[in-house]
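K.L.:
After the C-alpha cells below, expect a handful of questions from me.
Numbering (my numbering), first residue to last: 440 to 855.
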C-alpha cells in the first residue's frame with residue numbers, strides 16, 4: 440500500500456504543481472466546501488479540533504484534517520468527529536493511486552488529496568484544515584478561499600525546510616493568507632507579526648482578544664479562563680486540556696468562532712463552552728494510568744518536539760507535579776535536540792531512551808552523551824520497545840513521554 444511503503448517526509452518538494460494537477464483531474468473537490476486554514480509551529484492541531492467540535496456541536500457537518508496521526512492514519516481525516524473508515528480510506532487510496540503516481544505526489548500530498556475528495560463527496564458544510572509543515576508550499580494551501588486563516592504560534596522549527604529565522608518561518612506560514620480571509624494570530628514574536636501585517640490586518644492575541652482569570656485544576660485535569668474581545672465576553676470557559684498554551688490556543692479558537700458568527704454561522708457561547716470542555720486531544724499533556732500485572736504508575740503523554748513545545752510542557756509539568764519524573768524520550772534528527780535536552784534535564788530523575796522504528800530518530804548514543812553533560816549518565820537507560828521501557832518504571836512512580844509525537848503514538852498503542 441502506498442502509505443505503508445513511504446515515510447511522511449520522503450518525496451517532499453517545494454511547490455503545489457503536483458497536487459494542483461491531481462485535484463484538477465478529479466474536479467477540484469477542495470473548492471466544494473468552506474474552510475478554515477490553520478498554520479503554526481505549535482498549537483494548530485489543538486485550535487483545529489476545538490473549532491471543529493464547536494461547529495459540529497452547533498449542527499454543522501464539519502470536517503477536520505490534522506497531522507500527524509498517533510495510532511492510525513485514518514485519525515487525520517474526520518467528519519463529525521469520526522475518522523474515515525479503514526475500508527473507505529483503502530478504497531479511495533487504491534482507486535486514485537495511478538493518478539497520484541502519475542502526478543508524482545508525496546505521502547502528504549496524496550493524503551491531503553484523499554481528504555479533500557472525501558470531504559467533497561460527503562458534502563460537508565465546512566472543513567477545518569491544519570497545515571502539515573509551513574504554509575506557502577504546504578499541500579493544504581491549494582485551498583483558494585478560506586473563510587478564516589489562523590497562525591497559532593511561530594518559533595524555530597524545521598529550519599532545514601522553512602528557514603533559520605523567525606521572520607523567514609513567518610513568511611512561509613503567512614503563505615496561507617488569502618485575499619478576503621479574516622486572519623487571527625496567537626501570541627507571536629514581533630518579527631513574525633510584522634511579516635503577517637504586511638499581508639493582512641490580523642486579529643491578534645493580547646491586543647484584539649485576551650484571556651483572564653486562568654485557573655488550573657490538575658487534580659481534575661482541567662482549567663478555566665475568561666475570553667474577552669472588543670465584541671464578546673465569555674466567562675468561565677473550561678478546558679480538559681492543561682497548560683497556559685492551551686488556553687491561548689482556545690482563545691484563538693474562540694476568536695475564530697466569533698468571526699464565523701459574523702459571517703453567518705451560528706455558534707452560541709453556551710455550545711462553545713460545552714464543546715470546548717468535551718474536547719480531548721490525545722498526546723497533549725495527556726494523563727493516563729498504566730496498570731500492569733505487578734505495578735501501576737501515572738503517565739503523562741506529550742508530543743513536545745521542539746524548544747517552544749518543551750517550554751510549554753515544562754511550565755505545565757511544574758504546575759501539576761512538583762517532583763522530578765522518569766522520562767521516556769526520543770527525538771528526530773532535524774530537531775534542536777541539544778536545546779530540548781538542556782531544557783528538560785533539570786526536571787527528570789531518570790531517562791529511558793526508547794528506540795523507534797524511524798530512520799529520522801536520533802541514535803540513542805548521541806542522546807545519552809547529551810544527557811551525560813548534565814551528570815545524568817548513570818541514570819540514562821535504553822529500551823528497545825515501549826513495553827521494555829514500562830518495565831523500567833517503578834510502582835507508583837510518575838513518568839512522562841516527550842520529545843516526539845511518534846513516540847507518543849507508540850506509547851498510546853501500548854496502553855489503548
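We put the beta carbon where it would ideally sit given N, CA and C, even for glycine.
1. Which of the three DSSP states, helix, strand or coil, is assigned to residue 853?
2. Can you grab the Cα-Cα spacing for the pair residue 551 / residue 817, in whole Å?
3. Figure out for me which residue from 788, 689 and 819 has the closest Cα to the Cα of residue 803.
4. Over the uninterrupted beta strand (DSSP E) stretch that includes residue 666, give me the two end residues.
5. Give the list of continuous alpha helix (DSSP H) stretches no shorter than 4 residues that lie fully inside the region 468-545.
6. Pick out whichever of 708, 836 and 825 has its Cα sitting closest to the Cα of residue 402.
7. Under a three-way DSSP split, which group does residue 584 fall into?
8. I'd like to check one pair, residue 494 with residue 692: are the Cβ atoms closer than 8 Å?
9. Starting from residue 698, follow its DSSP beta bridges and name the residues at the other end.
10. Would you identify the three-state DSSP class for residue 750, choosing helix, strand or coil?
11. Helix, strand or coil for residue 561? Go by DSSP, reduced to three states.
12. Under 8 Å Cβ to Cβ from residue 583, same chain only, skipping five residues before and after it: list those, please.
13. Which same chain residues, not among the five before or five after residue 454, have their C-beta less than 7 Å away from its C-beta?
14. With a CB to CB cut of under 6 Å and the five nearest residues on each side skipped, what residues in its chain are close to residue 611?
15. According to DSSP, is residue 802 helix, strand or coil?
16. Using only alpha-carbon positions, find the residue among 677, 627, 738 and 548 that is nearest to residue 760.
17. Looking only at its own chain, which residues have a Cβ that is under 7 Å from the Cβ of residue 740, when we skip the five neighbours before and after it?
18. State the CB to CB distance for the pair residue 682 and residue 569, rounded to an integer number of angstroms; the pair is presumed to be in contact (CB under 8 Å).
19. How big is the Cα-Cα spacing for residue 730 and residue 829?
20. Determine the closest residue to residue 505 out of 498, 487 and 492, with distance taken between C-alpha atoms.
21. In angstroms with no decimal places, state the Cα-to-Cα distance between residue 838 and residue 758.
22. In chain order, what residues of the same chain have a beta carbon less than 6 Å from the beta carbon of residue 588, not counting five sequence neighbours either side?
23. If I measure Cβ to Cβ from residue 538 and keep anything under 7 Å in the same chain, skipping five residues before and after, which residues do I get?
24. Looking at the secondary structure, which residues open and close the beta strand (DSSP E) in which residue 736 lies?
25. In whole angstroms, what is the alpha-carbon distance linking residue 785 and residue 827?
26. Would you mind giving the Cβ-Cβ distance between residue 634 and residue 613, rounded to the nearest angstrom? I have them listed as a contact below 8 Å.
27. First and last residue of the alpha helix (DSSP H) that includes residue 711?
28. Starting from the N-terminal side, write out each stretch of the beta strand (DSSP E) that is 3 residues or longer and does not extend beyond the region 818-844.
29. Assuming residue 630 and residue 606 are in contact, meaning their beta carbons sit under 8 Å apart, how far apart are those beta carbons, in whole angstroms?
30. Should residue 524 go down as buried or exposed, given a rule of 16 or more other Cβ atoms within 10 Å for buried?
31. Apply the 10 Å Cβ neighbour rule to residue 811 and answer buried if 16 or more other Cβ atoms are within range, or exposed otherwise.
32. Thinking C-alpha only, which one of 671, 686, 789 and 543 is nearest residue 762?
33. Span of the alpha helix (DSSP H) holding residue 765?
34. Specify, as a first and last residue, the run of the alpha helix (DSSP H) that residue 856 falls within.
35. Identify, in the order they occur along the chain, each residue of the same chain with its Cβ nearer than 8 Å to the Cβ of residue 457, setting aside the five sequence neighbours on each side.
36. To the nearest angstrom, how far is the alpha carbon of residue 466 from that of residue 558?
P.N.:
In terms of the structure at hand:
1. Counting from one through the chain shown, the residue named residue 853 turns up at place 414. Three-state result, residue 853: helix.
2. By 1-based counting over the chain shown, the position of residue 551 is 112. By 1-based counting over the chain shown, the position of residue 817 is 378. Each residue's Cα considered, the two are about 45 Å apart.
3. As a first step, residue 803 is located in the chain shown; it is residue number 364 there, counting from the start. Closest by alpha carbon: 819.
4. In the chain shown, residue 666 corresponds to position 227, counting from 1. Element bounds for residue 666: 661-668.
5. Those alpha helix (DSSP H) runs which fall completely within the region 468-545 and span 4+ residues are 483-496, 525-534 and 536-541.
6. This structure cannot settle anything about residue 402, because the visible part of the chain is limited to 440 through 855.
7. Working through the chain shown from its first residue, we reach residue 584 at position 145. Three-state result, residue 584: coil.
8. Numbered from its first residue, the chain shown carries residue 692 at position 253. Numbered from its first residue, the chain shown carries residue 494 at position 55. Cβ atoms of residue 692 and residue 494: not closer than 8 Å.
9. As a working note, residue 698 is residue 259 in the chain shown. None, per the DSSP bridge assignment.
10. Within the chain shown, residue 750 is the residue found at index 311, counting from 1. In the three-state reduction of the DSSP assignment, residue 750 falls in the helix class.
11. For the purposes of this step, residue 561 is taken as the residue at position 122 of the chain shown. If DSSP states are grouped into helix, strand and coil, residue 561 belongs with coil.
12. The residue given as residue 583 occupies position 144 in the chain shown. So the list reads 469, 470 and 617, once near-sequence residues are dropped.
13. The sequence position of residue 454 within the chain shown is 15, counting from 1. Taken in chain order, the residues that qualify are 576.
14. Locating residue 611 in the chain shown gives position 172, where the first residue counts as 1. Answer for residue 611: 573, 574, 575 and 601, listed in chain order.
15. In the chain shown, counting from the first residue as 1, residue 802 sits at position 363. Residue 802: coil per DSSP, three-state reduction.
16. Here residue 760 refers to the residue found at position 321 when the chain shown is read from its first residue. Comparing Cα-Cα distances from residue 760 to each of 677, 627, 738 and 548, the minimum goes to 738.
17. The residue given as residue 740 occupies position 301 in the chain shown. Cβ neighbours of residue 740 beyond the five flanking positions: 722, 725, 727, 840, 847, 850 and 851.
18. Taking the chain shown and counting its residues from 1, the one referred to as residue 682 is at position 243. Taking the chain shown and counting its residues from 1, the one referred to as residue 569 is at position 130. Incorrect: roughly 19 Å between the Cβ atoms, too far for contact.
19. Residue mapping note: residue 730 aligns to position 291 of the chain shown, counting from 1. Residue mapping note: residue 829 aligns to position 390 of the chain shown, counting from 1. Taking the CA atoms as reference points, residue 730 sits about 10 Å from residue 829.
20. The residue you call residue 505 lines up with position 66 of the chain shown. Comparing Cα-Cα distances from residue 505 to each of 498, 487 and 492, the minimum goes to 487.
21. As a working mapping, residue 838 is identified with position 399 in the chain shown. As a working mapping, residue 758 is identified with position 319 in the chain shown. So the two alpha carbons sit approximately 15 Å from each other.
22. Counted from its first residue, the chain shown places residue 588 at position 149. Within the same chain, and ignoring the five residues on either side of residue 588 in sequence, the residues whose Cβ sits closer than 6 Å to its Cβ are 476, 615, 616, 620 and 622.
23. Here the question's residue 538 lines up with position 99 in the chain shown. The residues are 461 and 464.
24. Residue mapping note: residue 736 aligns to position 297 of the chain shown, counting from 1. Residue 736 -> beta strand (DSSP E) spans 735-740.
25. Counting from 1 along the chain shown, the entry for residue 785 is found at position 346. Counting from 1 along the chain shown, the entry for residue 827 is found at position 388. Between residue 785 and residue 827, the C-alpha separation is close to 24 Å.
26. Taking the chain shown and counting its residues from 1, the one referred to as residue 634 is at position 195. Taking the chain shown and counting its residues from 1, the one referred to as residue 613 is at position 174. Taking a contact as a CB-CB distance under 8 Å, the pair residue 634 and residue 613 counts as one, their CB atoms being some 6 Å apart.
27. The residue given as residue 711 occupies position 272 in the chain shown. First-last of the alpha helix (DSSP H) with residue 711: 708-717.
28. Runs of the beta strand (DSSP E) inside the region 818-844: 819-822 and 837-841.
29. For the purposes of this step, residue 630 is identified with residue 191 of the chain shown, where counting begins at 1. For the purposes of this step, residue 606 is identified with residue 167 of the chain shown, where counting begins at 1. Taking a contact as a CB-CB distance under 8 Å, the pair residue 630 and residue 606 counts as one, their CB atoms being some 5 Å apart.
30. Taking the first residue of the chain shown as 1, we reach residue 524 at position 85. By the neighbour-count rule (16 or more Cβ atoms within 10 Å), residue 524 is not buried but exposed.
31. Counting from one through the chain shown, the residue named residue 811 turns up at place 372. Residue 811 counts as exposed, since fewer than 16 other beta carbons sit within 10 angstroms of its beta carbon.
32. One-based indexing of the chain shown puts residue 762 at position 323. Of the candidates 671, 686, 789 and 543, the one whose C-alpha sits nearest the C-alpha of residue 762 is 789.
33. In the chain shown, residue 765 corresponds to position 326, counting from 1. Residue range 764-768 is occupied by the beta strand (DSSP E) that includes residue 765, with no alpha helix (DSSP H) assigned at that position.
34. The structure shown does not extend to residue 856, since the chain spans only 440 to 855, so no value can be given for it.
35. The residue labelled residue 457 in the question sits at position 18 within the chain shown. Around residue 457: 542, 543, 544, 545 and 548.
36. Sequence index remark: in the chain shown, residue 466 carries index 27 (1-based). Sequence index remark: in the chain shown, residue 558 carries index 119 (1-based). Distance between the alpha carbons of residue 466 and residue 558: 13 Å.
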